[in-house]
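Engineer: Numbering-wise (our numbering), the sequence shown opens with residue 152 and increments by one. All C-beta atoms, glycine included, are put in the ideal place defined by N, C-alpha and C. Handing you this structure, nothing more for now.
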Amino acid sequence: MSSSIIGASVTRVDGPLKVTGAARYAVDHPLENMAYGFPVVSTVGSARIAGIDTAEAARMPGVLAILHHGNADPLFRPAGHFESYSRAGEVRPPFEDDQVYYYGQFVAIIVANTLEQAQAAAARVQVRYDAKPPVVDLAAAPAPEGPPRIHYARGGAAQAFDSAPVKIDQTYTLSTETHNPMEMHATIAAWDGDHLTLYETTQGVVNHHHVVSEMLGVPLDRISVISPFCGSGFGGKLFPWPQSLLAAMAAKRVQRPVKVQITRGLMFTTVGHRPLTQQRMRLGATQDGKLLSIQHDVLQPTSLVDTYVEGCTGVSTMLYSCQNVEATQQLVPMNIGTPTPMRGPGIVPGLFPLESAMDELAIQLNLDPLDLRLKNYADQDESYQPARAWSSKRLRECYQTGANKWGWSQRTPQVRSMRRNGEIVGWGMASATWHAGRGSATVRVRLNADGTARASCATQDIGTGTYTIFAQVVAEKTGIPIDRIHVVLGDSSLPDGPTSGGSTATATVLPAIAQATTGVIDRVIAVAQQTPGSPFHASNNAPGGDPPKLIMTAGRIHVADQPPASGVPFEQILSSARLAALDDEARTAPDPAEAHKFSAHSFGAQFIEVAWDPGIARLRVSRGLTVIDAGRIINQKAGRNQILGAVVMGIGMGIFEETLYDPRNAKPLNNNFADYIVATNADIPDLDCIFVEYPDLHVNEYGARGIGEIGLAGVAPALTMAVYHATGVRVRKLPVRLEELMAGQRGIA
Ligand code: MOS
Numbered sequence: 152m153s154s155s156i157i158g159a160s161v162t163r164v165d166g167p168l169k170v171t172g173a174a175r176y177a178v179d180h181p182l183e184n185m186a187y188g189f190p191v192v193s194t195v196g197s198a199r200i201a202g203i204d205t206a207e208a209a210r211m212p213g214v215l216a217i218l219h220h221g222n223a224d225p226l227f228r229p230a231g232h233f234e235s236y237s238r239a240g241e242v243r244p245p246f247e248d249d250q251v252y253y254y255g256q257f258v259a260i261i262v263a264n265t266l267e268q269a270q271a272a273a274a275r276v277q278v279r280y281d282a283k284p285p286v287v288d289l290a291a292a293p294a295p296e297g298p299p300r301i302h303y304a305r306g307g308a309a310q311a312f313d314s315a316p317v318k319i320d321q322t323y324t325l326s327t328e329t330h331n332p333m334e335m336h337a338t339i340a341a342w343d344g345d346h347l348t349l350y351e352t353t354q355g356v357v358n359h360h361h362v363v364s365e366m367l368g369v370p371l372d373r374i375s376v377i378s379p380f381c382g383s384g385f386g387g388k389l390f391p392w393p394q395s396l397l398a399a400m401a402a403k404r405v406q407r408p409v410k411v412q413i414t415r416g417l418m419f420t421t422v423g424h425r426p427l428t429q430q431r432m433r434l435g436a437t438q439d440g441k442l443l444s445i446q447h448d449v450l451q452p453t454s455l456v457d458t459y460v461e462g463c464t465g466v467s468t469m470l471y472s473c474q475n476v477e478a479t480q481q482l483v484p485m486n487i488g489t490p491t492p493m494r495g496p497g498i499v500p501g502l503f504p505l506e507s508a509m510d511e512l513a514i515q516l517n518l519d520p521l522d523l524r525l526k527n528y529a530d531q532d533e534s535y536q537p538a539r540a541w542s543s544k545r546l547r548e549c550y551q552t553g554a555n556k557w558g559w560s561q562r563t564p565q566v567r568s569m570r571r572n573g574e575i576v577g578w579g580m581a582s583a584t585w586h587a588g589r590g591s592a593t594v595r596v597r598l599n600a601d602g603t604a605r606a607s608c609a610t611q612d613i614g615t616g617t618y619t620i621f622a623q624v625v626a627e628k629t630g631i632p633i634d635r636i637h638v639v640l641g642d643s644s645l646p647d648g649p650t651s652g653g654s655t656a657t658a659t660v661l662p663a664i665a666q667a668t669t670g671v672i673d674r675v676i677a678v679a680q681q682t683p684g685s686p687f688h689a690s691n692n693a694p695g696g697d698p699p700k701l702i703m704t705a706g707r708i709h710v711a712d713q714p715p716a717s718g719v720p721f722e723q724i725l726s727s728a729r730l731a732a733l734d735d736e737a738r739t740a741p742d743p744a745e746a747h748k749f750s751a752h753s754f755g756a757q758f759i760e761v762a763w764d765p766g767i768a769r770l771r772v773s774r775g776l777t778v779i780d781a782g783r784i785i786n787q788k789a790g791r792n793q794i795l796g797a798v799v800m801g802i803g804m805g806i807f808e809e810t811l812y813d814p815r816n817a818k819p820l821n822n823n824f825a826d827y828i829v830a831t832n833a834d835i836p837d838l839d840c841i842f843v844e845y846p847d848l849h850v851n852e853y854g855a856r857g858i859g860e861i862g863l864a865g866v867a868p869a870l871t872m873a874v875y876h877a878t879g880v881r882v883r884k885l886p887v888r889l890e891e892l893m894a895g896q897r898g899i900a
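What follows is the structure, encoded as structure tokens:
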């Protein structure tokens, strides 16, 4: 089993805990004497707080404390002064001043004996506002001042565009999207003397630990962050948000554990979102479809309390070969909470205008969209000067594999030309990419005398399968069966591990798990050779000869050129040496020289079919295929799950998701699951995914790049391309709206 478990379809090791309800999510930790915090949030988008009257609320049953900017101990801004990177969702600590910067901002928190008491009292707090009209609309916002946040240029894009024989110049808009993982943000804070424990749901235990330490002004060694399970995050749980700090503050005040659970409505205001982007895309090309110029200019809102840049332009600088590229991105501060990464930040929204404009160009040139992409294939990463070699790129194979499997050659390009069962069918395809990052990690692996192994790290499993990956690597190296490998994650007291973000966690932890496992095997071998009575003890060696080389296979230590059965189970070696366990720890990091030699990206091709019934204005996504080149896939089952899940999100992005703000008070109007539509089972057709597997050994010894985000990348542009093919309507603002399609059908028989 030892080599085959890497790359196999391994069922999640934490699956039974989840399906039996035994897995403890943030609010599930049972603490004695729990109190409950419930926030009071601003009901206006821009104001000064003129007064907070808490008298009536304070008299309500069960109320223990009411904290607000007038009576709370001040918190600190994150300084990033610890040795590792730290980042908060919003640098402004809650209750810092009397200003309201967005609707839904925390202005007070009630702490009470029960949740219901806290909630009831929160409704009795009277907040008086000196309100101003909020800025929530990009068109009405003041124009951005100063130089752009991003400015990239190579060659002379403006001149090349002016003289290009064929031109596309269009503006594309992606609406604000709100992360809605099943588990909402939540914290239980408990002080034991001067030690704080935070039970969290986070994508970054280590980052969370550092940020709360900085913002509370409490040293790292007096804070524990515990997050064994996370009901997903999609980026919304990368960085700590105010509820964690408020829970800590409230628990200190009432000297009891305090639980603060964000409501679904507050998911839309206080814990980030993917910002709206308005993106002008200009392409210049030759008559035969060679790109001469790409210009990509992005306008994006940010909040008034922090700066978040959704880096949309990067993908336009590297995906296609083109000598002349210029890209800018500018920010507009508005009265909404701070945006934050959402699955595939930057690249996913940046690909929509790029791939849409490529489709518009293909139509103008009467070229197959796939051929246009092949004509402009980037054999190197031209965004660097000089251009850098790819660590590994099999995008051409993705296109071809996808086209064959899909039957792309049967596509008739005329709009409304393909029909099935009385519906019009439209086909679209787009490229996908995501950069392959890798960071540093420390992992500890222990072999126990009871025949089990334990691997631990302060990274976390956000639902993607990280527990299983750890077990797979230990199983591969030792041959110990997976059900005897215990993986411990999600605890800041463990060795430092990476944030689960940017599709980097797997690529980051693999080498550290491998090295720590190899290290502990070496220690067991050394014990085997040194323990009197052991069959491998030096006294058994032939006189004058070298000691035989020992290895570990199937959980047994044996001579390298003899079968495992000839050896001894590792637990027997530990027991006979009177050792309960041996362990080893390894810290690994990417080689910076290697990282500068190559550009490491994953790639893919995505195909979407829509079925359009013009008679009743019904649009459905009816088929989807994704072909991904992400190096070696460590777990086929978890990998496929990531890609298909991302495609589902792409369908949401394409036809459903849009957070709408009330211009009067900046309230998100559709801050609930009735009005903010996400794709459900009925919206999901047959989806398939194929991995073309070429291990990328420049990234790590397993050749694995990340797969968390790339599955989302090309879905929306492939979908609007399919919609155009089916209806003749080019949708340049997501999500697709039926009324826009209906308007486009007028006069069509
Ligand atoms: Mo991802 S947006 O880095 O969780």
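1) How is the beta strand (DSSP E) around E548 delimited, first residue to last?
2) Express the C-alpha separation of V476 and D448 in angstroms, rounding to a whole number.
3) Do the CB positions of P492 and G630 come within less than 7 Å of each other?
4) Expressed to the nearest angstrom, what Euclidean distance is found between the alpha-carbon atoms of Y550 and R605?
5) Rounded to a whole number of angstroms, what is the C-alpha to C-alpha distance between P504 and F390?
6) Straight-line CA distance for K410 to S375?
7) Would you say P836 and V772 are within 7 Å of each other, going by their C-beta atoms?
8) For G440, which residues in the same chain have their Cβ closer than 6 Å to its Cβ, ignoring the five residues on either side in sequence?
9) Report buried or exposed for E328, applying the criterion of at least 16 other Cβ atoms within 10 angstroms of its Cβ.
10) What residues in its chain sit with their C-beta under 8 Å from that of P370, if we drop five residues either side in the sequence?
11) How should R897 be labelled, buried or exposed, when 16 other C-beta atoms within 10 angstroms of its C-beta is the threshold for buried?
12) Ligand 1 and R238: does the residue's C-beta get closer than 6 Å to at least one heavy atom of that ligand?
13) Check L889 in the structure and name its three-state DSSP category.
14) What runs of the alpha helix (DSSP H), each 4 residues or longer, lie entirely inside the segment 501-533?
15) Would you list the one or two residues that DSSP bridges to I841?
16) Which two residues bound the contiguous alpha helix (DSSP H) that contains Q681?
17) Can you tell me whether P492 sits near ligand 1, meaning its C-beta is under 6 Å from at least one heavy atom of the ligand?
18) Select from P819, I301, R707 and P649 the residue whose C-alpha is nearest the C-alpha of G602.
19) Please go through the segment 768-822 and give each complete alpha helix (DSSP H) segment of 4 or more residues, from N-terminal end onward.
20) On the three-state DSSP scale, how would you describe S153?
21) Is P496 near ligand 1, going by C-beta to nearest heavy atom under 6 Å?
22) In or out: P293 buried (at least 16 other Cβ within 10 Å) or exposed?
23) Since I319 sits in a beta bridge, which residues does DSSP pair it with?
24) With a 10 Å radius around its C-beta and 16 neighbouring C-beta atoms as the bar for buried, classify I157 as buried or exposed.
25) Thinking C-alpha only, which one of S543, S753 and F807 is nearest A830?
26) Does DSSP classify F375 as helix, strand or coil?
27) My assumption, with CB atoms under 8 Å, is that L450 sits in contact with Q429. Please give the rounded CB distance.
28) Mapping the DSSP letters down to three states, classify L870 as helix, strand or coil.
29) Return the CA-CA distance between Q793 and S727, expressed in angstroms with no decimal places.
30) Is it the case that the CB of G652 approaches a heavy atom of ligand 1 more closely than 6 Å?
31) Helix, strand or coil for I899, going by three-state DSSP, please let me know.
32) Does DSSP classify H424 as helix, strand or coil?
33) My assumption, with CB atoms under 8 Å, is that V798 sits in contact with G862. Please give the rounded CB distance.
34) I need the straight-line Cα distance from G616 to A789, nearest angstrom please.
35) Mapping DSSP to helix, strand and coil, what is E351?
36) So, do the segment 569-581 and the segment 727-736 have three or more beta carbon pairs nearer to each other than 8 Å?
Structural biologist: Quick look at the numbers:
1) Segment L546 to W557 is the alpha helix (DSSP H) holding E548; no beta strand (DSSP E) there.
2) Taken atom to atom, the span from the alpha-carbon of D448 to that of V476 is near 11 Å.
3) no
4) 42 Å
5) Going from the Cα of P504 to the Cα of F390 covers about 28 Å.
6) 16 Å
7) yes
8) L516, L518, L523 and K526
9) buried
10) S364
11) exposed
12) no
13) Residue state for L889 is assigned as helix, using DSSP reduced to three classes.
14) Annotation note: the segment 501-533 contains the following uninterrupted alpha helix (DSSP H) runs of length 4 or greater, listed N- to C-terminal: 520-526.
15) V778
16) A656 to Q681
17) In this structure, ligand 1 has a non-hydrogen atom nearer than 6 Å to the beta-carbon of P492.
18) Residue R707 is the option with its Cα nearest to G602.
19) 787-806
20) Any reading at S153 needs caution, since the residue's pLDDT is 43, under 50, leaving its predicted position unreliable; the model's value is listed next. Coil.
21) Indeed, a heavy atom of ligand 1 lies less than 6 Å from the Cβ.
22) Result: exposed.
23) L434
24) Label assigned to I157: buried.
25) Selected option, being the one with the closest Cα: F807.
26) The sequence given here has Ser at residue 375, not Phe. For S375, the secondary structure class from DSSP, reduced to helix, strand or coil, is strand.
27) 5 Å
28) helix
29) 45 Å
30) Result yes, Cβ under 6 Å from ligand 1.
31) coil
32) H424: coil per DSSP, three-state reduction.
33) 6 Å
34) So the two alpha carbons sit approximately 6 Å from each other.
35) It is a strand residue.
36) no
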